[in-house]
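Data first, discussion second: the structure below is written as structure tokens.
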Amino acid sequence: MSDLAAVRVSITVKVDPDTAFAVFTEEIDQWYRQGLGSPTTLRFEPGVGGRLLEVGPDNGPEEERARVTVWEPGQRLVFVDWRDTEVDIRFEAAAEGATRVVLEHRGLDRVPPDVAVNLAKYGWRRLTQWFERHMEERR
Amino acid sequence: MIINAIVDHLDTTLVALADPTRRRVVELLGSDALRASVIAEQAGMTPAAMSRHLRVLRNAGLVEVDTPGDDARVRVYRLRPDRIVQLRAWLDQVQAFWSEQLGAFAEHAERRERKSR
Chain W
1 MSDLAAVRVS
11 ITVKVDPDTA
21 FAVFTEEIDQ
31 WYRQGLGSPT
41 TLRFEPGVGG
51 RLLEVGPDNG
61 PEEERARVTV
71 WEPGQRLVFV
81 DWRDTEVDIR
91 FEAAAEGATR
101 VVLEHRGLDR
111 VPPDVAVNLA
121 KYGWRRLTQW
131 FERHMEERR
Chain Z
140 MIINAIVDHL
150 DTTLVALADP
160 TRRRVVELLG
170 SDALRASVIA
180 EQAGMTPAAM
190 SRHLRVLRNA
200 GLVEVDTPGD
210 DARVRVYRLR
220 PDRIVQLRAW
230 LDQVQAFWSE
240 QLGAFAEHAE
250 RRERKSR
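These protein sequence lines are chains W and Z, in that order. Its first residue numbered 1, the first sequence is counted upward by one per residue in the working numbering. Its first residue numbered 140, the second sequence is counted upward by one per residue in the working numbering.
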């Protein structure tokens with residue numbers, strides 16, 4: 001049943017697993033899409049127990065977004081976010097020096113009801129946008 | 140069991156949401172329960188045309204009607220607090236979110252690799 005509350009997404013990237021892991025963690029602020037014009041930056045503290053921090057402008061207030069539970073450079077990264085959901089990312093060597101990145105977000109049913117209500121409202125908006133895009137792409 | 144329910148729901152859900160007016164209604168009800176007349180007005184439709192759409196949404200289990208006060212004539216529509224539909228919607232949202240993020244990650248990593256050569 002736990003799989004029911006999980007999503008899995010994968011992508012193949014044309015860099016080796018060590019590079020993929022390094023870019024994913026060290027350069028998260030350069031690729032992660034925050035809201036447009038977001039003034040904050042993202043940063044991983046390396047190693048188990050390290051935090052994923054959202055840092056305000058000019059090294060302003062830091063906010064913990066998640067905590068690292070598995071840190072295996074070139075292989076695997078797991079972190080648990082403030083809602084107690086878990087993101088597990090595996091970096092698997094693929095053909096021709098590429099890497100298959102498999103991301104699984106688990107425990108989405110563990111979110112407290114009051115948080116889930118808000119997320120569900122927000123989710124509806126995202127769903128309708130997603131659906132619209134999907135229909136356009138199919139045309 | 141739950142998976143079957145989701146699949147069954149998903150079909151009717153997607154059909155109901157295939158219409159832009161009905162997607163607009165779901166968005167409107169995402170922030171609050173509303174009377175049919177208000178929904179019609181905000182969507183720029185006649186109440187008669189809107190009532191057809193509301194019926195489709197009700198049949199799909201996406202919205203329900205409630206009489207919140209003493210006056211039984213005051214009826215509001217609200218999104219149904221259906222755990223399965225919400226969960227499905229949410230999972231889709233999370234999946235779309237991560238697809239976008241991983242796409243951005245791959246683009247960045249490959250662009251960087253080309254530069255360093």
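Here a beta-carbon is modelled for each residue, glycine too, at the ideal position from N, C-alpha and C. Given the structure is predicted, the values throughout are model-derived calculations rather than measurements.
Partner residues on chain Z for residue i, Cβ-Cβ distance less than 8 Å
i, result
"Thr-175/W", "Because chain W here runs from 1 to 139, residue 175/W falls outside it and cannot be looked at."
"Arg-33/W", "Glu-239, Gln-240, Ala-243"
"Val-23/W", "Phe-244, His-247, Ala-248, Arg-251"
Three-state secondary structure (DSSP) of residue i
i, result
"Asp-29/W", "helix"
"Leu-241/Z", "helix"
"Arg-43/W", "strand"
"Arg-212/Z", "coil"
"Arg-259/Z", "Any answer about residue 259/Z is impossible in this case: the structure gives chain Z only from 140 up to 256."
"Asp-18/W", "helix"
"Leu-167/Z", "helix"
"Pro-113/W", "Because Pro-113/W sits at a pLDDT of 48, beneath the cut-off of 50, its placement in the model cannot be relied upon, and the point is left open."
"Asp-84/W", "coil"
"Asp-231/Z", "helix"
"Pro-161/Z", "Note that residue 161/Z is Arg in the sequence shown here, rather than Pro. Here Arg-161/Z sits in helix by DSSP."
"Leu-108/W", "coil"
"Leu-201/Z", "coil"
"Val-55/W", "strand"
Classification of residue i by the beta-carbon crowding that lies within 10 angstroms, buried from 16 upward
i, result
"Glu-72/W", "exposed"
"Ala-155/Z", "buried"
"Arg-256/Z", "exposed"
"Val-195/Z", "buried"
"Trp-237/Z", "buried"
"Thr-19/W", "buried"
"Pro-17/W", "buried"
"Thr-99/W", "buried"
"Ile-202/Z", "According to the sequence provided, residue 202/Z is Val. The question's Ile does not apply to it. With 16 or more other Cβ atoms within 10 Å, it is buried."
"Val-91/Z", "Nothing in the structure corresponds to residue 91/Z, since chain Z is present only between 140 and 256."
"Thr-25/W", "buried"
Beta carbon of residue i nearer than 8 Å to that of residue j
i, j, result
"Leu-230/Z", "Val-102/W", "no"
"Glu-64/W", "Leu-77/W", "no"
"Ala-187/Z", "Arg-33/W", "no"
"Val-87/W", "Arg-251/Z", "no"
"Val-9/W", "Leu-241/Z", "yes"
"Arg-163/Z", "Ala-182/Z", "yes"
"Arg-174/Z", "Val-215/Z", "yes"
"Gly-97/W", "Val-68/W", "no"
"Asp-84/W", "Ala-66/W", "no"
"Asp-27/W", "His-192/Z", "A small fix is needed here, since residue 27/W is Glu in this sequence, not Asp. In this structure, His-192/Z does not lie closer than 8 Å to Glu-27/W by Cβ."
"Glu-45/W", "Val-55/W", "no"
"Ala-172/Z", "Asp-209/Z", "no"
Interface residues of chain Z facing residue i [CB-CB closer than 9 Å]
i, result
"Leu-103/W", "Trp-237, Gln-240, Leu-241"
"Gln-30/W", "His-247, Arg-251"
Residue i: contacting residues in chain W (beta-carbon distance under 7 Å)
i, result
"Leu-230/Z", "Val-7, Leu-108"
"Ala-245/Z", "Ile-11, Val-13"
"Val-233/Z", "Val-7, His-105, Leu-108"
Cross-chain neighbours of residue i in chain Z, by beta carbon under 7 Å
i, result
"Val-15/W", "Ala-248, Glu-249, Glu-252"
"Trp-82/W", "Simply none; closest approach about 15 Å."
"Glu-26/W", "In chain order: nothing, as chain Z lies at least about 11 Å away."
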